[in-house]
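Number of protein chains: 2
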Amino acid sequence: MTNMASGNTIAEVASLIGDAARANMLAALMGGQALTAGELAHHAGVTAQTTSGHLARMTGAQLLTVEKQGRHRYYRLASPAVAQAIHALMAVAAEGPKRHHPIGPKDEALRLARTCYDHMAGRLALAVADSLVRQGHLILADGVGLVTESGQGFFCDFGIDLTEAAPSRRPLCRTCLDWSERRPHIAGRLGAALLDRALDRGWVARRPDSRALRLTRLGDQGFATIFALPADWREPGAGHRP
Amino acid sequence: MTNMASGNTIAEVASLIGDAARANMLAALMGGQALTAGELAHHAGVTAQTTSGHLARMTGAQLLTVEKQGRHRYYRLASPAVAQAIHALMAVAAEGPKRHHPIGPKDEALRLARTCYDHMAGRLALAVADSLVRQGHLILADGVGLVTESGQGFFCDFGIDLTEAAPSRRPLCRTCLDWSERRPHIAGRLGAALLDRALDRGWVARRPDSRALRLTRLGDQGFATIFALPADWREPGAGHRP
DNA sequence: GGGACGTTTCGGCCGGGACCGAAGCATTCG
DNA sequence: CGAATGCTTCGGTCCCGGCCGAAACGTCCC
Numbered sequence: 000m001t002n003m004a005s006g007n008t009i010a011e012v013a014s015l016i017g018d019a020a021r022a023n024m025l026a027a028l029m030g031g032q033a034l035t036a037g038e039l040a041h042h043a044g045v046t047a048q049t050t051s052g053h054l055a056r057m058t059g060a061q062l063l064t065v066e067k068q069g070r071h072r073y074y075r076l077a078s079p080a081v082a083q084a085i086h087a088l089m090a091v092a093a094e095g096p097k098r099h100h101p102i103g104p105k106d107e108a109l110r111l112a113r114t115c116y117d118h119m120a121g122r123l124a125l126a127v128a129d130s131l132v133r134q135g136h137l138i139l140a141d142g143v144g145l146v147t148e149s150g151q152g153f154f155c156d157f158g159i160d161l162t163e164a165a166p167s168r169r170p171l172c173r174t175c176l177d178w179s180e181r182r183p184h185i186a187g188r189l190g191a192a193l194l195d196r197a198l199d200r201g202w203v204a205r206r207p208d209s210r211a212l213r214l215t216r217l218g219d220q221g222f223a224t225i226f227a228l229p230a231d232w233r234e235p236g237a238g239h240r241p
Numbered sequence: 000m001t002n003m004a005s006g007n008t009i010a011e012v013a014s015l016i017g018d019a020a021r022a023n024m025l026a027a028l029m030g031g032q033a034l035t036a037g038e039l040a041h042h043a044g045v046t047a048q049t050t051s052g053h054l055a056r057m058t059g060a061q062l063l064t065v066e067k068q069g070r071h072r073y074y075r076l077a078s079p080a081v082a083q084a085i086h087a088l089m090a091v092a093a094e095g096p097k098r099h100h101p102i103g104p105k106d107e108a109l110r111l112a113r114t115c116y117d118h119m120a121g122r123l124a125l126a127v128a129d130s131l132v133r134q135g136h137l138i139l140a141d142g143v144g145l146v147t148e149s150g151q152g153f154f155c156d157f158g159i160d161l162t163e164a165a166p167s168r169r170p171l172c173r174t175c176l177d178w179s180e181r182r183p184h185i186a187g188r189l190g191a192a193l194l195d196r197a198l199d200r201g202w203v204a205r206r207p208d209s210r211a212l213r214l215t216r217l218g219d220q221g222f223a224t225i226f227a228l229p230a231d232w233r234e235p236g237a238g239h240r241p
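Going down the list, the protein sequences come from chains E and H. The opening residue of the first sequence carries number 0 in numbering that gives the first Met the number 0; numbering runs sequentially from there. The opening residue of the second sequence carries number 0 in numbering that gives the first Met the number 0; numbering runs sequentially from there.
What follows is the structure in structure tokens.
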């Protein structure tokens with residue numbers, strides 16, 4: 000009974016995530032898009048009424064935010080902190096049972112390029128990160144990234160303003176351990192901005208019902224030239240030792 | 000019903016954490032020490048039988064590890080990933096309700112110096128981090144830290160070998176958002192090593208039943224001279240604008 | 001050996017909450 | 001306006017799991 004404070008609220012949060020239906024909804028929202036109550040019900044595999052209750056509780060606890068639009072209600076994760084917590088739980092869940100590649104061959108598209116909350120992941124994201132490091136635009140070490148002098152210019156040319164006086168405490172460039180391969184890709188504000196620009200330019204497009212990203216013909220060229228990707232970046236092991 | 004894989008195991012993990020009694024035990028273990036079943040029962044405020052059940056489930060799910068020693072059983076967090084997940088959940092729990100300093104004045108010792116899983120936190124840790132940055136031994140930015148050339152020497156002199164060819168993928172220097180103040184302190188392997196050395200040298204000592212650290216007379220001197228701490232490092236706001 | 005202590009197992013109680021069917025609002029469209 | 005659609009509220013069922021008392025097991029000490 001020393002300091003029992005703050006211990007119980009983490010239990011509330013965790014128990015909210017600790018239900019199969021809700022966890023599935025949250026995992027679906029890790030895609031970064033806002034989803035309607037109906038879509039979330041579908042992801043969770045429960046009826047609309049049940050879903051409604053779940054969503055009410057999660058928004059009440061500030062895990063989600065709602066935005067009503069016509070007769071739809073769009074839900075999204077309330078903050079990067081929530082995404083990070085879910086990510087951390089996924090990491091723990093993945094390391095428990097010793098099945099390292101049990102996910103199956105089904106989702107090759109996911110392994111190639113997908114969204115991870117608000118940034119890109121998959122081999123494309125790894126190739127981009129490797130490339131930025133190789134060109135000296137980014138120093139990637141020990142779980143973080145630092146934008147170099149030359150990087151500032153590069154990202155600015157690419158349409159990303161990094162100077163922003165940071166009203167938010169959100170880190171500029173975190174890294175995120177990739178789920179398919181085992182190497183870090185770019186997350187944080189920089190990661191989000193990269194995804195935004197790539198979507199703006201039509202280099203990648205979201206798929207309807209999946210976190211996978213479709214690499215367009217335009218993007219195929221664009222990434223290869225601007226980021227100077229190696230020819231074999233689609234290969235699973237590429238980039239391990241340049 | 001797109002990709003429901005992996006969603007349900009995170010629910011299992013989260014639901015394990017999502018119980019008040021278990022959450023209290025885990026929070027207690029965030030101190031980094033191994034604790035006996037009895038101590039954990041005390042922290043959780045439930046009987047020994049109940050605790051036993053909880054601990055069995057958590058070790059079964061690889062959240063905890065046990066080590067039996069005589070008639071005691073020592074439990075600790077099974078991995079840094081578990082600690083990180085709990086940390087992330089704490090962050091979410093803290094940002095929900097808008098009470099920023101509700102914790103109370105009681106635990107001044109905690110605010111001054113405490114352990115956070117395996118490294119130091121509190122104003123002492125902040126002062127150390129500030130100091131290392133000021134002296135150019137460390138670059139702290141965007142949620143990560145990089146050890147500079149001069150830092151390599153400094154830490155080596157202090158008894159920390161950083162060269163270790165990293166058999167573990169664990170980041171050398173992560174940062175961790177401090178709970179009392181709002182600034183980052185040093186975590187990761189470097190953070191753990193700093194705490195170890197400080198304990199070795201008798202600069203700080205663990206308190207019996209709390210995460211708070213006691214700063215010894217020796218440590219008072221030691222930190223001040225080796226790390227060149229400013230005179231006012233004990234003040235809550237110190238270091239904000241050097 | 002006997003007794004104290006730490007921990008686990010068993011059995012039973014009981015409450016919270018996940019779930020669904022049916023009905024009630026709200027919004028959009030014909 | 002009425003019908004269709006998306007979502008919520010209400011009422012009721014049911015089961016999972018947290019909790020404790022009692023008792024067994026293992027370990028240390030005298």
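Heads up, the beta-carbon is just placed ideally off N, CA and C, and yes, glycines get one too.
Pairwise C-beta distances place the region 114 to 128 of chain E out of contact with the region 22 to 34 of chain H, as fewer than three of them are shorter than 8 Å. According to the DSSP assignment, E:Leu-212 belongs to no alpha helix (DSSP H) but to the beta strand (DSSP E) extending over 212 to 214. Burial state of H:Cys-175 is buried, judged by a 10 Å Cβ sphere holding 16 or more other Cβ atoms. Each residue's CA atom was taken as its position, placing H:Leu-123 and H:Ile-138 some 18 Å apart.
With fewer than 16 neighbouring CB atoms inside 10 Å of its own CB, E:Thr-46 falls in the exposed class. Under the Cβ criterion of 8 Å, E:Asp-156 is not counted among the residues facing chain H. Closest in alpha carbon position to E:Glu-107, among E:Ala-227, E:Arg-213, E:Ala-128, E:Ile-225, is E:Arg-213. Membership of E:Pro-229 in any alpha helix (DSSP H) is not indicated, and neither H nor E is assigned to it by DSSP. Separation of the CB atoms of H:Glu-94 and E:Ala-80 is rounded to 6 Å, and the pair is thereby assigned contact status at 8 Å. Within chain H, the C-beta atoms nearer than 7 Å to that of E:Ser-14 come from Ser-14, Gly-17, Asp-18, in chain order. Put simply, of E:Leu-193, E:Gly-144, E:Asp-18 the residue whose alpha carbon is nearest the alpha carbon of E:Met-57 is E:Asp-18.
A distance below 8 Å separates the beta carbons of E:Ala-191 and E:His-118. In the structure shown, H:Arg-70 adopts coil according to DSSP, grouped into three states. Ranked by Cα distance from H:Val-132, the options H:Thr-8, H:Leu-228, H:Ile-9 are led by H:Leu-228. E:Trp-202 and E:Ala-87 have their alpha carbons spaced roughly 29 Å apart.
For the region 70 to 87 of chain H, the set of residues with a beta-carbon nearer than 8 Å to any beta-carbon of chain E comprises Ser-78, Ala-80, Val-81, Gln-83, Ala-84, Ile-85, His-86, Ala-87, in chain order. Per DSSP, H:Pro-183 is one residue of the beta strand (DSSP E) stretching across 183 to 185. Of the other Cβ atoms in all chains shown, 16 or more fall within 10 Å of the Cβ of H:Ala-186; this residue is therefore buried. A Cβ-Cβ contact shorter than 8 Å links E:Ala-92 with H:Ile-9.
For E:Cys-155, the enclosing alpha helix (DSSP H) covers residues 148 to 157. Taking C-beta atoms as the reference points, H:Ala-13 and H:Leu-109 fail to come closer than 8 Å. Your pair E:Val-146 and E:Leu-161 checks out as a contact, with CB atoms roughly 6 Å apart and the cut at 8 Å. If you draw a straight line from the Cα of E:Trp-232 to the Cα of E:Thr-224, it comes to about 13 Å. For H:Arg-75, the secondary structure class from DSSP, reduced to helix, strand or coil, is strand. Setting aside the 5 residues that flank it on each side, H:Leu-198 is surrounded in the same chain by Ala-204, Arg-205, each with a C-beta closer than 8 Å to its C-beta; the list follows chain order. For H:Ile-185, not one C-beta of chain E is nearer than 8 Å to its own C-beta. Within chain E, the C-beta atoms nearer than 7 Å to that of H:Thr-8 come from Ala-92, in chain order.
Bounds of the alpha helix (DSSP H) holding H:Arg-56 are 47 to 59.
The straight-line gap separating the alpha-carbon atoms of H:Ala-26 and H:Ile-85 is approximately 8 Å. When DSSP states are grouped into helix, strand and coil, E:Ala-237 belongs to the coil group.
Annotated three-state conformation of H:His-41 is helix, per DSSP. When secondary structure is reduced to three states using DSSP, H:Leu-25 falls in the helix class.
A direct Cα-to-Cα measurement between H:Leu-189 and H:Cys-172 gives close to 5 Å. For H:Arg-205, the enclosing beta strand (DSSP E) covers residues 203 to 205.
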